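*Asks:* Can you keep this structure in mind? I'll have questions shortly.
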Amino acid sequence: MSAIFIDPKDLPDGGYGLIQVLFLGAVYGFVLFNASNLISDGSELLLLVPSMAGIVGSIVLPVLGAVPDGAIVLFSGMGPNAQEQVSVGVGALAGSTIMLLTIPWALSIYAGRVNIDENGRGNYIRPKGDQHWAKLMPPGNKSMTRTGVVLFDEIPSTAKTMIFTSLIYLILQVPALFYTGTAEKDAKADNTKVASIEKPFAIIAFVVSMISFVLYLCWNVQRSSEVKEDVIDEVRVAAIRDGEISLSGILAKEVANFKKESPTNTTPLKATREQFDRVADVIRPFFHAYDKNRDHRMDADELQIFFKDLGESLSREEAETWMAAADKDKSGFIEFNELVEATLRYLLAKYENECHGRSSVSMQRVVVEQKHSLAIPAAEGDDDDEEEEEVPEDLAHLSIAEQQKKIKIRSAYMMFLGTALVLVFSDPMVDVLSEIGARTGIPAFYVSFVVAPLASNASELIAAFNYAQKKTSKTISISVSALLGAACMNNTFCLGIFAALMSFKSGGLVWEFSAETFAILLVELCIGCIAMKKTQRLIDGVIVLCLYPLSIFLVFVLENVLATMTEVFMGYSEDFQQCRDDAMADICAIPKARDQRERNDLLERAQGNISEAERYMRILESESRAGDSQDRRRMHQQLRTFKSQLDKLKANLERSKLMDGSQQRQQASAPQDNVARYQQRTDRIEDHLTDAQDIIARTEATAQNINNNLANQREQLMNVRTNVDATREDTAEAGMHLKKLKCKMASQLLFLYFVILGLVVVIIWQVISKFT
40 MSAIFIDPKD
50 LPDGGYGLIQ
60 VLFLGAVYGF
70 VLFNASNLIS
80 DGSELLLLVP
90 SMAGIVGSIV
100 LPVLGAVPDG
110 AIVLFSGMGP
120 NAQEQVSVGV
130 GALAGSTIML
140 LTIPWALSIY
150 AGRVNIDENG
160 RGNYIRPKGD
170 QHWAKLMPPG
180 NKSMTRTGVV
190 LFDEIPSTAK
200 TMIFTSLIYL
210 ILQVPALFYT
220 GTAEKDAKAD
230 NTKVASIEKP
240 FAIIAFVVSM
250 ISFVLYLCWN
260 VQRSSEVKED
270 VIDEVRVAAI
280 RDGEISLSGI
290 LAKEVANFKK
300 ESPTNTTPLK
310 ATREQFDRVA
320 DVIRPFFHAY
330 DKNRDHRMDA
340 DELQIFFKDL
350 GESLSREEAE
360 TWMAAADKDK
370 SGFIEFNELV
380 EATLRYLLAK
390 YENECHGRSS
400 VSMQRVVVEQ
410 KHSLAIPAAE
420 GDDDDEEEEE
430 VPEDLAHLSI
440 AEQQKKIKIR
450 SAYMMFLGTA
460 LVLVFSDPMV
470 DVLSEIGART
480 GIPAFYVSFV
490 VAPLASNASE
500 LIAAFNYAQK
510 KTSKTISISV
520 SALLGAACMN
530 NTFCLGIFAA
540 LMSFKSGGLV
550 WEFSAETFAI
560 LLVELCIGCI
570 AMKKTQRLID
580 GVIVLCLYPL
590 SIFLVFVLEN
600 VLATMTEVFM
610 GYSEDFQQCR
620 DDAMADICAI
630 PKARDQRERN
640 DLLERAQGNI
650 SEAERYMRIL
660 ESESRAGDSQ
670 DRRRMHQQLR
680 TFKSQLDKLK
690 ANLERSKLMD
700 GSQQRQQASA
710 PQDNVARYQQ
720 RTDRIEDHLT
730 DAQDIIARTE
740 ATAQNINNNL
750 ANQREQLMNV
760 RTNVDATRED
770 TAEAGMHLKK
780 LKCKMASQLL
790 FLYFVILGLV
800 VVIIWQVISK
810 FT
């Protein structure tokens with residue numbers, strides 16, 4: 040891939056080069072952002088396939104959602120300088136985990152907040168007869184304790200799973216602290232030795248991560264999740280809105296199950312309460328869209344428009360006939376349960392038509408032949424429902440089989456393209472993030488911590504905010520569950536990739552990310568505790584949002600304040616800085632020197648201070664191997680800064696020497712030397728004139744030779760032309776001769792054919808005469 044993409048290290052130094060690197064990073068980030076959207080949208084399309092919906096929601100969506108972060112972690116540890124670049128992968132992993140658990144969570148609480156009463160119940164259900172009711176009153180209410188959201192009961196179990204999987208970090212972190220915790224044990228240790236010590240623990244962490252990853256997916260598949268079903272319903276409604284599938288295609292599985300229970304038209308349609316609610320969840324948004332006055336019923340005109348949007352044109356008379364059959368309580372209106380049953384009858388009729396190869400559905404036939412009502416058990420508890428989103432404007436009108444085929448093809452294409460783009464562009468993105476850190480002086484961890492999640496997880500942030508704006512307990516729970524699930528995938532899948540690099544990469548990698556690990560564990564523990572609360576108030580969202588900058592500050596404090604360098608290193612650092620400052624002062628004073636002697640003294644002192652600084656640099660490089668892993672990281676960063684400063688000092692000293700030499704040469708020029716220089720210049724001019732005359736003479740001789748050659752070539756061309764004319768005449772004469780020969784040959788062939796024909800006639804005559 041290095042031959043395809045631009046190496047950011049080859050770009051120019053300075054501000055313009057940094058702009059080019061930033062632009063390159065923006066391009067790669069945009070590609071990764073769209074690639075992650077392709078993966079997400081493609082996998083969500085499979086939720087529209089009833090036979091795959093359960094597996095997709097439990098396995099495919101979580102795994103493919105973690106692919107971008109996993110790819111960045113993988114490629115950050117595969118290069119030749121992996122130990123330096125792997126901080127990009129750790130930054131992406133930590134940034135993705137912490138960003139997803141804080142910013143989208145806080146935005147979900149803010150955008151989805153409703154009024155909360157004293158008992159912690161959310162204002163989600165419209166009171167009957169209240170025309171001025173709103174979920175958030177007054178509009179824009181920002182009360183920290185009286186507004187918030189209410190989550191489903193299964194959210195705490197997902198939070199506990201996240202906390203449990205986060206403990207895998209300790210398998211890598213505890214041994215790292217044990218083997219590199221003191222300067223005495225690690226004074227002479229190098230990365231290769233430490234990596235070999237940590238390798239067994241990395242293998243254990245890899246195995247535990249993969250086992251936890253598989254167990255988490257199995258747990259997702261086996262558990263009965265209300266949130267998982269709601270995710271499928273939300274995707275289905277969105278697909279209808281976008282015209283990707285029709286209502287009959289969405290409910291094909293449910294309709295087929297009803298038909299199995301009622302094989303004939305005279306058999307009552309039986310359905311469990313769960314099956315009925317499943318169908319009602321999809322139909323409810325359509326009902327609310329036509330129920331403009333919120334009286335929970337529809338008249339004949341609204342029913343006619345409703346079925347027209349389903350692709351069925353009803354006349355006014357047919358709509359009234361249909362409504363008379365569906366209106367069991369004879370109220371003159373059709374209520375929600377009656378609409379669900381009526382819609383199911385229509386879908387059953389359409390299902391039978393497709394099974395028998397018919398293309399249209401007769402409303403009169405459906406009303407007459409379906410003689411029984413749906414047998415549905417009564418619902419437990421309150422029958423009121425939360426307000427839903429608006430109805431889609433357009434519906435797809437393909438057959439069910441065609442819809443399913445089209446969805447599978449489009450989903451496979453989108454997931455394949457998105458995954459391919461992620462795998463191709465993650466490696467150059469890692470190089471760009473590392474180069475941004477090197478050019479700006481900001482550690483690569485902080486750069487990737489902030490930038491990488493914006494490219495790989497921005498879609499999750501936007502989706503969580505959009506879900507929350509619907510202000511329902513269901514959509515809020517979907518958002519929070521998805522965020523907790525993403526953290527679980529990072530704790531297992533992505534961390535397992537890092538452990539695999541430490542286990543199987545030649546040379547090994549060293550786990551030296553104690554501060555980052557502590558920040559991740561602290562944030563996940565805090566979020567897990569907050570997620571245990573069923574009611575999340577706005578003040579909780581503010582606390583969650585503050586965890587994001589707090590985590591960055593915590594890493595900075597642990598690495599730069601608490602993780603102090605060794606006393607010997609700090610002492611030599613002060614000596615180096617003193618020599619550096621003295622050398623810089625001497626170099627700056629050179630142009631202001633009053634005479635040459637003072638200038639020479641300044642140059643000598645500056646050179647001596649630089650030599651002394653180089654000696655301290657060698658001592659500091661030796662001392663940087665002492666201390667624990669955090670100390671070494673801090674000292675290595677300081678060494679890189681010192682080396683850059685020393686190189687600049689050397690360049691400034693050389694520049695001062697060149698300027699001083701130029702001034703000395705100018706001052707040494709005396710008037711008596713000018714006469715000699717002028718005489719020398721005159722002699723050189725005379726020599727140049729003599730050379731020019733010789734060149735002119737040689738040029739004239741060459742021109743004469745060229746004229747003679749041209750005359751000879753002209754004569755040769757005339758001879759060639761004469762020969763060509765003679766050859767043309769000979770060719771014409773030969774052509775005439777060939778024509779004569781051709782005519783002679785043709786006459787001979789004609790005579791030969793005549794003789795052969797005569798012989799054939801004679802032979803035939805002899806044969807006939809013999810037999811007669």
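Quick note on our numbering: the sequence shown kicks off at 40 and runs consecutively.
Note that CB positions come from ideal geometry on N, CA and C, so glycine has one too.
Keep in mind it's a predicted model, so treat the numbers as computed, not measured.
(1) Cα separation between G130 and F615?
(2) Pick out the complete alpha helix (DSSP H) segments inside the region 519 to 558, 4 residues or longer, and give them in chain order.
(3) Taking S147 as the reference, which of R576, I242, C257 has the closest Cα?
(4) Do P143 and S518 have their CB atoms nearer than 8 Å?
(5) On the premise that V594 lies in contact with E563, defined as a C-beta separation below 8 Å, what is that separation, rounded to the nearest angstrom?
(6) Restricting to Cα atoms, I'd like to know which of T204, T186, I481, F375 is closest to V127.
(7) Exposed or buried, V407, counting other C-beta atoms within 10 Å across all chains shown (16 or more means buried)?
(8) So does the region 678 to 689 actually touch the region 629 to 642, counting three or more Cβ pairs closer than 8 Å?
(9) Span of the alpha helix (DSSP H) holding Q59?
(10) V583 and I569: beta carbons closer than 8 Å?
(11) F504 and A150: beta carbons closer than 8 Å?
(12) Could you spell out the range, first to last residue, of the alpha helix (DSSP H) harbouring G179?
(13) Go ahead and label E157 buried or exposed: buried means 16 or more other beta carbons lie within 10 angstroms of its beta carbon, across all protein chains shown.
(14) Answer yes if the region 244 to 254 comes into contact with the region 529 to 539, meaning at least three C-beta pairs across the two stretches below 8 Å, and no otherwise.
(15) Going by the DSSP bridge assignment, what does G161 pair with across the sheet?
(16) Comparing alpha-carbon positions, which option in V490, L216, M454, K689 lies nearest A65?
(17) Between A785, P47, A244, which lies nearest to L61 when the distance is taken from Cα to Cα?
(18) Can you list, in chain order, the residues of its chain whose CB lies under 6 Å from that of A381, leaving out five sequence neighbours each side?
(19) Taking the C-alpha atoms as reference points, what is the distance between A736 and A742?
(20) The beta strand (DSSP E) with G187 in it runs from where to where?
(21) List the residues that DSSP assigns as beta-bridge partners of E356.
(22) I believe L523 touches M201 by the beta-carbon criterion, under 8 Å. Please report the beta-carbon distance rounded to the nearest angstrom.
(23) Measuring CA to CA, which of F543, A622, F608, M571 is closest to G116?
(24) If you follow the beta strand (DSSP E) that T574 is part of, which residue opens it and which one closes it?
(25) Kindly indicate the opening and closing residues of the alpha helix (DSSP H) around A105.
(26) Excluding the five sequence neighbours on either side, which residues of its own chain have a C-beta within less than 8 Å of the C-beta of K689, listed in chain order?
(27) Please list the terminal residues of the continuous alpha helix (DSSP H) segment that includes D505.
(28) Check the C-beta distance from A133 over to A538 and give it rounded, since I have them as a contact under 8 Å.
(29) Check the DSSP bridge columns for M784 and list the partner residues they point to.
(30) Would you check if the distance between the CB atom of A74 and the CB atom of L460 is smaller than 8 Å?
(31) Is it true that the CB of V247 sits closer than 8 Å to the CB of I98?
(32) Please report the straight-line C-alpha distance between A652 and I111, rounded to a whole angstrom.
(33) On a Cα-Cα basis, can you pick out the residue from K573, H675, Q752, D634 that is closest to P195?
(34) Are the beta-carbon atoms of G457 and L77 separated by less than 8 Å?
(35) For M784, which residues in the same chain have their Cβ closer than 6 Å to its Cβ, ignoring the five residues on either side in sequence?
(36) Expressed to the nearest angstrom, what Euclidean distance is found between the alpha-carbon atoms of M362 and A525?
*Replies:* Straight from the coordinates:
(1) By one-based count along the sequence shown, residue 130 stands at place 91. By one-based count along the sequence shown, residue 615 stands at place 576. Put simply, the backbone Cα of G130 is about 32 Å away from that of F615.
(2) List check, alpha helix (DSSP H) in window: 534 to 543.
(3) What you label residue 147 is simply residue 108 of the sequence shown in a count that begins at 1. Checking every option, the nearest Cα to that of S147 belongs to R576.
(4) Mapped onto the sequence shown, residue 143 falls at position 104. Mapped onto the sequence shown, residue 518 falls at position 479. Yes, they are a contact pair.
(5) Here the question's residue 563 lines up with position 524 in the sequence shown. Here the question's residue 594 lines up with position 555 in the sequence shown. Contact doesn't hold; Cβ gap of about 15 Å is too wide.
(6) Within the sequence shown, the letter at position 88 stands for residue 127. Here the closest residue by C-alpha is I481.
(7) Within the sequence shown, residue 407 is the residue found at index 368, counting from 1. Low per-residue confidence applies at V407: pLDDT is 40, beneath 50, and the placement is therefore not dependable enough to give any value.
(8) no
(9) In the sequence shown, residue 59 corresponds to position 20, counting from 1. Residues 53 to 84.
(10) Looking up residue 583 in the sequence shown gives position 544. Looking up residue 569 in the sequence shown gives position 530. Yes, they are a contact pair.
(11) Position 465 of the sequence shown, counted from the first residue, corresponds to residue 504. Position 111 of the sequence shown, counted from the first residue, corresponds to residue 150. Contact flag set, yes.
(12) Your numbering for residue 179 matches position 140 in the sequence shown. Note, G179: premise wrong, no alpha helix (DSSP H); not H, not E.
(13) By one-based count along the sequence shown, residue 157 stands at place 118. By the neighbour-count rule (16 or more Cβ atoms within 10 Å), E157 is not buried but exposed.
(14) yes
(15) Here the question's residue 161 lines up with position 122 in the sequence shown. Per DSSP, I155.
(16) On the sequence shown, residue 65 is found 26 positions in, with the first residue counted as 1. Looking at the Cα atoms, V490 is the closest of the given residues.
(17) The sequence position of residue 61 within the sequence shown is 22, counting from 1. When each option's Cα is compared against that of L61, the closest is P47.
(18) Residue mapping note: residue 381 aligns to position 342 of the sequence shown, counting from 1. Excluding residues within five positions, the ones whose Cβ falls inside 6 Å are A365.
(19) Taking the sequence shown and counting its residues from 1, one reaches residue 736 at position 697. Taking the sequence shown and counting its residues from 1, one reaches residue 742 at position 703. Looking at the two C-alpha atoms, the distance is approximately 10 Å.
(20) Here residue 187 corresponds to residue number 148 of the sequence shown, with the count starting at 1. Run containing G187: 186 to 189, per the beta strand (DSSP E) assignment.
(21) On the sequence shown, residue 356 is found 317 positions in, with the first residue counted as 1. Bridge partners of E356: none, in fact.
(22) Residue numbering aside, residue 523 sits at position 484 when the sequence shown is read from its first letter. Residue numbering aside, residue 201 sits at position 162 when the sequence shown is read from its first letter. Indeed, because the Cβ distance is near 5 Å, the residues count as touching under 8 Å.
(23) Start at 1 with the first residue of the sequence shown, and residue 116 comes out as number 77. The option with the nearest alpha carbon to G116 is F543.
(24) Your numbering for residue 574 matches position 535 in the sequence shown. Its beta strand (DSSP E) spans residues 574 to 576.
(25) As a first step, residue 105 is located in the sequence shown; it is residue number 66 there, counting from the start. That residue, A105, is in no alpha helix (DSSP H); it is neither H nor E in DSSP.
(26) Residue mapping note: residue 689 aligns to position 650 of the sequence shown, counting from 1. Here K689 has I649 as same chain residues with Cβ atoms under 8 Å from its own Cβ, once five neighbours each way along the sequence are excluded.
(27) The residue given as residue 505 occupies position 466 in the sequence shown. With the sequence shown as reference, residue 505 is identified as Asn, and Asp is not the correct amino acid for it. Run containing N505: 497 to 507, per the alpha helix (DSSP H) assignment.
(28) As a first step, residue 133 must be located in the sequence shown, where it is residue number 94. As a first step, residue 538 must be located in the sequence shown, where it is residue number 499. The pair is not a contact, with the Cβ atoms about 15 Å apart (cut-off 8 Å).
(29) Here residue 784 refers to the residue found at position 745 when the sequence shown is read from its first residue. Beta-bridge pairing links M784 to no other residue.
(30) Numbered from 1 along the sequence shown, position 35 holds the residue referred to as residue 74. Numbered from 1 along the sequence shown, position 421 holds the residue referred to as residue 460. Their beta carbons are under 8 Å apart, which means A74 touches L460 by this criterion.
(31) The residue given as residue 98 occupies position 59 in the sequence shown. The residue given as residue 247 occupies position 208 in the sequence shown. Taking 8 Å as the Cβ cut-off, I98 and V247 do not qualify as a contacting pair.
(32) Here residue 652 corresponds to residue number 613 of the sequence shown, with the count starting at 1. Here residue 111 corresponds to residue number 72 of the sequence shown, with the count starting at 1. If you take the alpha carbons of A652 and I111, they lie about 39 Å apart.
(33) Position 156 of the sequence shown, counted from the first residue, corresponds to residue 195. It is K573 whose Cα lies nearest to the Cα of P195.
(34) In the sequence shown, counting from the first residue as 1, residue 457 sits at position 418. In the sequence shown, counting from the first residue as 1, residue 77 sits at position 38. Result yes, Cβ atoms of G457 and L77 sit closer than 8 Å.
(35) To locate residue 784, count along the sequence shown from 1; it is residue 745. Once the five neighbours on either side are set aside, M784 has no close Cβ partner at all.
(36) Numbered from its first residue, the sequence shown carries residue 362 at position 323. Numbered from its first residue, the sequence shown carries residue 525 at position 486. For M362 and A525, the distance between alpha carbons rounds to 47 Å.
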